[in-house]
Structures are given as structure tokens and as C-alpha cells.
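Undergrad: Every position in the sequence shown, counted from 1, becomes a number in our numbering once 1 is added.
Glycine included, each C-beta is placed from N, C-alpha and C at the ideal position.
It should be emphasised that the depicted structure is a prediction, and the values quoted were computed from it without experimental measurement.
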Amino acid sequence: MTGSRSLSSGLRALRPAAFGADPAGSRLERIRSSPNFADGSFRNPVGARTRPSASVLELARTYVDKEKRSRRAPRGPVPVHDGTAAALAAPPVSGLRLTWMGHSSVLAEIDGGRVLFDPVWGDRCSPFSFIGPKRLHPVPLPLAALGPVDAVVISHDHYDHLDLPTIKALAGTGTVFAVPLGVGAHLERWGVPEDRLRELDWQESTKVAGLTLTATPARHFCGRGLRNQQHALWASWTVVGDEHRIYHSGDTGYFPGFRDIGAEQGPFDATMIQIGAYSEFWPDIHMTPQEGMQAHLDLQGGHPAGVMLPIHWGTFNLAPHPWAEPGEGTLAAARAAGARAALPRPGEPFEPTAAGLPSEPWWRKVAKAPEGGWPTTEGAPDRAGSPTEGTGEPEAAPAVG
Numbered sequence: 002m003t004g005s006r007s008l009s010s011g012l013r014a015l016r017p018a019a020f021g022a023d024p025a026g027s028r029l030e031r032i033r034s035s036p037n038f039a040d041g042s043f044r045n046p047v048g049a050r051t052r053p054s055a056s057v058l059e060l061a062r063t064y065v066d067k068e069k070r071s072r073r074a075p076r077g078p079v080p081v082h083d084g085t086a087a088a089l090a091a092p093p094v095s096g097l098r099l100t101w102m103g104h105s106s107v108l109a110e111i112d113g114g115r116v117l118f119d120p121v122w123g124d125r126c127s128p129f130s131f132i133g134p135k136r137l138h139p140v141p142l143p144l145a146a147l148g149p150v151d152a153v154v155i156s157h158d159h160y161d162h163l164d165l166p167t168i169k170a171l172a173g174t175g176t177v178f179a180v181p182l183g184v185g186a187h188l189e190r191w192g193v194p195e196d197r198l199r200e201l202d203w204q205e206s207t208k209v210a211g212l213t214l215t216a217t218p219a220r221h222f223c224g225r226g227l228r229n230q231q232h233a234l235w236a237s238w239t240v241v242g243d244e245h246r247i248y249h250s251g252d253t254g255y256f257p258g259f260r261d262i263g264a265e266q267g268p269f270d271a272t273m274i275q276i277g278a279y280s281e282f283w284p285d286i287h288m289t290p291q292e293g294m295q296a297h298l299d300l301q302g303g304h305p306a307g308v309m310l311p312i313h314w315g316t317f318n319l320a321p322h323p324w325a326e327p328g329e330g331t332l333a334a335a336r337a338a339g340a341r342a343a344l345p346r347p348g349e350p351f352e353p354t355a356a357g358l359p360s361e362p363w364w365r366k367v368a369k370a371p372e373g374g375w376p377t378t379e380g381a382p383d384r385a386g387s388p389t390e391g392t393g394e395p396e397a398a399p400a401v402g
């Protein structure tokens, strides 16, 4: 028996650092006592198929189709805001400002606190530096130039949300890490001290810098290594300050629980909603733009209140859909719902409670147009919040700097 334990310990020592660590000891006991853990794994709030419904052959055919492949990546450099550092130098006038850094990474400045969601500054979302989905645009701002961060919030442990080099860089800054139950094992292996971890089950909260951070349900799954035992939870998050409330979905399929989260903690000044990397082959664990807009409305009590910021798109190629489709779908869904959606370029800060929002379809300049051309933007809210008439061509981009 002792020899078996020694062999097991030796194999764990050989495990690549990017795979993280399995929970053990008191952390594992806490996981096993969670009401969301049963029969050896965490459970979704409603049933969800976490593996693709298609065969390997069907997936291969989808990914190698020449026409579809030509639409899955930008044709030129993705426009990145070049004045991020200057814009962040002064505090937000309204007390609330969001800066989408690409994919699901968002810096939220809220009521005097600074919260960084799902920071991924690495070049690939992969356990290896030489293979895996590669970044389609540079990060708008070096991590060291971001300034002090009160809390880093992680939604789950997949590589495009929990990035080893980024966490190692942040581990030395003194920030607090708020993570779902079980994810702390990865962070401790990477050098984050236990006293800076806030490891939460669904509906549990912690206070950081005067803000209340709450882990809320999501419909997804976890795993980084070869043996994914679902011993790490996935979560969406709410952050509540003295004046403002925001929500970050992480990765999730649509489910009725959005209404419950909104009823308990909303309505929100802004929601950050996953609307990319969806597919008919995995409909239960990621949302389309239309589903994302419905989730936003559910979180707002059924009303088109607040602002929706679409996330989880534009930075990595993770699904068969066209690269520009999530942005276009969000524009259409917002127009149909009469809701306000912000569509900033990566690194472009905006204040959700301000009258004007970034709304130009900037991706059209570097994406392959669909057959028949781009749809008109008639009726979409412009930067001043009023309807605009469009010909399908993007408006001139505002000066940056």
C-alpha cells in the first residue's frame, strides 16, 4: 500500500504544471460535502451534455470545410484600442467602468474597487506553448501596466479562462483570488498563498475592498488534465458595490437559473455574457448571441435594463462558427430586444451608465463578409444612444489614443 502511494505521488510530481493539481485533504472534504456534488462529481443545475454530440468524423468535416474555414478567422489585424493605459489613468466618472481585454477577460472598476475577471494574457489557451488555439490579437495592455487589482475572479479552470503564466504573474502582486470550489488547488500549486484564496461554492460570498463577490450557478463543466474527475466547480459571478451591480457569466449554457440570480441579486448595471464558441454539437454548455441576450433579460427581471457586454469571442478560434458571427448576432439580438449592448474593441474602456456606448461593428473591417453583404445597422443604438440608419457599412471609427 505504501508503495502504491509512493508511485501515485511520483506520478503527480511528473504532471505538467499547467495541468494544475487535484484537490486533497480538507479541500476535498469540503467538495464532497457540497450540495452541488453527488456521485463523485459536481452537477449542473439542469442536465447538460458536456461532450460533443457529433462523431470525430463529423467534427473533422466541419472544421476542414474550405469555405467555413475562411470565415473562422479575421483577414487582417484585429483593431485593438491603443489608448487603454491613458483611459484607465483617471477613475471612472460614474463609478463604474468596464474594459474588455478580449475573450472573457474584463477589468471592472466598480465603486472604488478593481476586479479582474478570467485574465488570460498568454499567447495560447493550451497547456503547451507550441500547440493549441493561438491569440488572434495582442493584449491591449501589458499585465504589469494594468495597475493594482483588488480581486482576480476565475469562473472555471479551462485553459481559456485560467491561464498559468497570467496567474503566476499575478501571484506576486498581493491581489485576492476569488475562485469556485476546488479551483484553489491549481492556484496553490502555481504559487498563490492560501491566505489570498477565497474558494466559494454556489451562493457563497466574500468581501474584498468593500465589494461583495458571490459565486452563482452556471451550466458548464471543468477539467485541465487527462483525468477530469469534475472535482472543480464552475460558476458565474456577481459583484455588488455601494452603488453598482455587475454580473459575469463565465462559460454557461442557457438555463432558467438566470431568472433566479436576477431576482436575488439584480437588476444589474451591466452584464458580461458569453456569446461565442457555441455550436450545435455542444448546445448545453455555451450560449448563442440570442440565448445570451435572453440570459441578460432574465437577469434584469425580464426588462431590457442595464447594458450587456458580449464576451468569449474575437480572441481565440474555438468553434466552427464564423469569427464575426457573435458580434453580428449580438447586434441583431439587442435590436430585437430593444436592449443596450456595448461592442467595444479589445481594450476600449466604457462606462455602462453613460449615455453613449461603443457600438460600431468594428469587426467588419477585417472579417470576410457573408454572402449578400453585411446587414444594415438601422435601429441599433449609436454612441449617443440614439437610433442610426446604416447601409451595412461600418461607421468611421472614433479617434483613439
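Pick from Asp40, Leu234, Leu147, Pro128: whose alpha carbon is nearest that of Arg28?
TA: The residue with the shortest Cα to Cα distance from Arg28 is Leu234.
Undergrad: Quick check on Val65: does DSSP put it in helix, strand or coil?
TA: DSSP places Val65 in helix when its eight states are reduced to three.
Undergrad: CA-CA distance, Pro284 and Ser127?
TA: Answer to the nearest angstrom: the Cα atoms are 23 Å apart.
Undergrad: In three-state terms, what does DSSP make of His82?
TA: Reduced to three states, the DSSP call for His82 is coil.
Undergrad: Distance, Cα to Cα, Ile312 vs Phe178?
TA: Spanning the two alpha carbons is a distance of roughly 21 Å.
Undergrad: Got a sec, what are the start and stop residues for the alpha helix (DSSP H) Lys169 sits in?
TA: From DSSP, the alpha helix (DSSP H) with Lys169 extends over 165-172.
Undergrad: Grab me the residues of Phe282's own chain with a C-beta within less than 6 Å of its C-beta, minus the 5 sequence neighbours each way, in chain order.
TA: The answer, listed in chain order, is Pro53, Ser54, Ala55.
Undergrad: Among Ile132, Ala186, His232, Ala88, which one has its Cα closest to the Cα of Leu142?
TA: Leu142 has its Cα closest to that of Ala88, out of Ile132, Ala186, His232, Ala88.
Undergrad: Helix, strand or coil for Ala39? Go by DSSP, reduced to three states.
TA: Reduced to three states, the DSSP call for Ala39 is strand.
Undergrad: Tell whether a beta-carbon distance below 9 Å holds between Pro268 and Gly302.
TA: Cβ distance < 9 Å, so Pro268 and Gly302 count as in contact.
Undergrad: At a threshold of 8 Å, does Ala172 count as lining the ligand GTP (C-beta to nearest heavy atom)?
TA: As for the ligand GTP, it is missing from this structure, which has no ligand bound.
Undergrad: Mapping DSSP to helix, strand and coil, what is Arg136?
TA: In this structure, Arg136 counts as coil in the three-state DSSP scheme.
Undergrad: So Pro321 and Ser280 are supposed to be a Cβ contact under 8 Å. How far apart are they, rounded?
TA: Right, their Cβ atoms sit about 6 Å apart.
Undergrad: So, under 8 Å CB-CB, Gly21 and Arg190 are touching, yes? Tell me the CB distance rounded to an integer number of Å.
TA: Right, their Cβ atoms sit about 6 Å apart.
Undergrad: Checking 9 Å against the spacing of the C-beta atoms, do Met288 and Ser237 come in under that value?
TA: Taking 9 Å as the Cβ cut-off, Met288 and Ser237 do not qualify as a contacting pair.
Undergrad: Just to confirm the assignment, what range does the beta strand (DSSP E) spanning Gly114 have?
TA: Its beta strand (DSSP E) spans residues 114-118.
Undergrad: Taking all protein chains shown into account, do 16 or more other C-beta atoms lie within 10 angstroms of the C-beta of Gln275, making it buried, or fewer, making it exposed?
TA: So Gln275 ends up on the buried side.
Undergrad: Taking only the alpha-carbon atoms, compute the straight-line gap between Ala333 and Ala296 and give it to the nearest angstrom.
TA: When rounded, the distance between both Cα atoms is 15 Å.
Undergrad: Assign Ala381 to buried or exposed, taking buried as 16 or more other Cβ atoms, counted over all protein chains shown, within 10 Å of its Cβ.
TA: Unreliable placement is indicated for Ala381, whose pLDDT of 45 sits below 50; the coordinate value is still reported in the next sentence. That one is buried.
Undergrad: Helix, strand or coil for Ala19? Go by DSSP, reduced to three states.
TA: Helix.
Undergrad: By alpha-carbon positions, which one of Met273, Val107, His159 ends up nearest to Arg125?
TA: Measuring from the Cα of Arg125, the nearest candidate turns out to be His159.
Undergrad: Can you give the beta carbon distance from Leu137 to Thr316, rounded, assuming they're within the 8 Å contact cut?
TA: With 8 Å as the limit, Leu137 and Thr316 qualify as a contact, their Cβ atoms being about 6 Å apart.
Undergrad: Tell me the start and end of each unbroken beta strand (DSSP E) in the stretch 242-273 that is at least 3 residues and wholly inside, in chain order.
TA: Runs found: 246-249.
Undergrad: Taking the continuous alpha helix (DSSP H) assigned at Pro327, which residues delimit it?
TA: Segment 326-338, the alpha helix (DSSP H) holding Pro327.
Undergrad: Under 9 Å, do Ser156 and Ala74 count as touching if we go by C-beta distance?
TA: No.
Undergrad: So, using beta-carbon positions, are Leu310 and Pro345 closer together than 9 Å?
TA: Taking 9 Å as the Cβ cut-off, Leu310 and Pro345 qualify as a contacting pair.
Undergrad: Does Pro371 pass the burial test, meaning 16 or more other C-beta atoms within 10 Å, or should it be called exposed?
TA: Exposed, because fewer than 16 other Cβ atoms sit within 10 Å of the Cβ of Pro371.
Undergrad: Which same chain residues end up closer than 8 Å to Gly211 when comparing Cβ atoms and leaving out the 5 residues on each side of it in sequence?
TA: Cβ neighbours of Gly211 beyond the five flanking positions: Asp112, Gly113, Gly114, Gly242, Asp243.
Undergrad: Here's the rule: buried if 16 or more other CB atoms are within 10 angstroms of the residue's CB, otherwise exposed. What is Glu30?
TA: It counts as exposed.
Undergrad: For Leu108, which residues from the same chain have a beta carbon less than 6 Å from its beta carbon, with the 5 sequence-adjacent residues on both sides left out?
TA: For Leu108, where only same-chain residues beyond five positions count, the Cβ hits under 6 Å are Thr100, Leu117.
Undergrad: With distance defined between alpha-carbon atoms, name the residue in Glu352, Pro323, Ile262 nearest to Glu68.
TA: Residue Pro323 is the option with its Cα nearest to Glu68.
Undergrad: Measuring only the C-alpha atoms, how far is Val79 from Gly148?
TA: Answer to the nearest angstrom: the Cα atoms are 25 Å apart.
Undergrad: Which word fits Pro399, buried or exposed, when buried means at least 16 other C-beta atoms lie within 10 angstroms of its C-beta?
TA: Residue placement at Pro399 cannot be trusted, given a pLDDT of 29 that sits under 50; what the coordinates show is reported in the next sentence. Per the 10 Å Cβ criterion, exposed.
Undergrad: Pro24 and His232: beta carbons closer than 9 Å?
TA: Yes. Within cutoff.
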